[in-house]
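Notes follow once the structure below has been shown.
Residue numbers (the numbering used here): 323 to 464.
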């Protein structure tokens, strides 16, 4: 991995399991909210599922330069990121599609709460460098 483009620790989905019996239900409910907000037409919503892709740890200085997601599973149209409670500064997410852009901070609730983000696969996104602490995220393919 070229660390000038992407620097983060990664754990593949095959090596991750969840003991919390409510986790799968939480993710399913979150997906329903996300696809509604993304504007997925109602008739297609029942077909959407989230497939865990990776668990990422961004340490101080870690980042991911601007890029678009590639299709990792058949029919993939987007990405869901769940930021787990882990206090950090920096690591802002910059999204761009055409002339529209948006920068979001995951640090505001990082100490005690989770934060989620989702975007279509054709959206260019960047993770700015983490300045302090650790940014833990789960990434899902939609």
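Each residue gets a CB set at the ideal place from its N, CA and C atoms; glycine is no exception.
Where residue 347 falls: helix, strand or coil (DSSP): For this step, residue 347 is matched to residue 25 along the chain shown. In the structure shown, residue 347 sits in a helix (DSSP, three-state: H, G or I).
Mapping DSSP to helix, strand and coil, what is residue 415? Indexing the chain shown from 1 puts residue 415 at position 93. Reduced to three states, the DSSP call for residue 415 is strand.
How long is the line joining the alpha carbons of residue 367 and residue 357, rounded to whole angstroms? Numbered from 1 along the chain shown, position 45 holds the residue referred to as residue 367. Numbered from 1 along the chain shown, position 35 holds the residue referred to as residue 357. The straight-line gap from Cα to Cα measures roughly 7 angstroms.
Taking residue 380 as the reference, which of 341, 410, 326 and 339 has the closest Cα? If you number the chain shown from 1, residue 380 lands on position 58. By alpha-carbon distance to residue 380, the top candidate from 341, 410, 326 and 339 is 410.
Ordered along the chain, which non-local residues of its own chain (more than five positions away) have a Cβ less than 6 angstroms from that of residue 349? The sequence position of residue 349 within the chain shown is 27, counting from 1. Residues 372 of the same chain have their beta carbon placed closer than 6 angstroms to that of residue 349, with the five preceding and five following residues left out of the count.
Cβ shell of residue 333 (< 7 angstroms), same chain only, five flanking positions each side left out: The count along the chain shown starts at 1 and reaches residue 333 at position 11. Take residue 333, set aside five residues on each side of it, and the residues of its chain with a beta-carbon closer than 7 angstroms to its own are 376 and 377, in chain order.
Any idea what DSSP makes of residue 359, helix, strand or coil? Position 37 of the chain shown, counting from 1, holds the residue named residue 359. If DSSP states are grouped into helix, strand and coil, residue 359 belongs with the helices.
Report, in whole angstroms, the separation of the C-beta atoms of residue 443 and residue 387, which I expect to be a contact under 8 angstroms. Looking up residue 443 in the chain shown gives position 121. Looking up residue 387 in the chain shown gives position 65. The distance from the Cβ of residue 443 to that of residue 387 is about 17 angstroms, inconsistent with a contact at the 8 angstroms cut-off.
With DSSP collapsed to three states, give me the class of residue 371. Here residue 371 corresponds to residue number 49 of the chain shown, with the count starting at 1. If DSSP states are grouped into helix, strand and coil, residue 371 belongs with coil.
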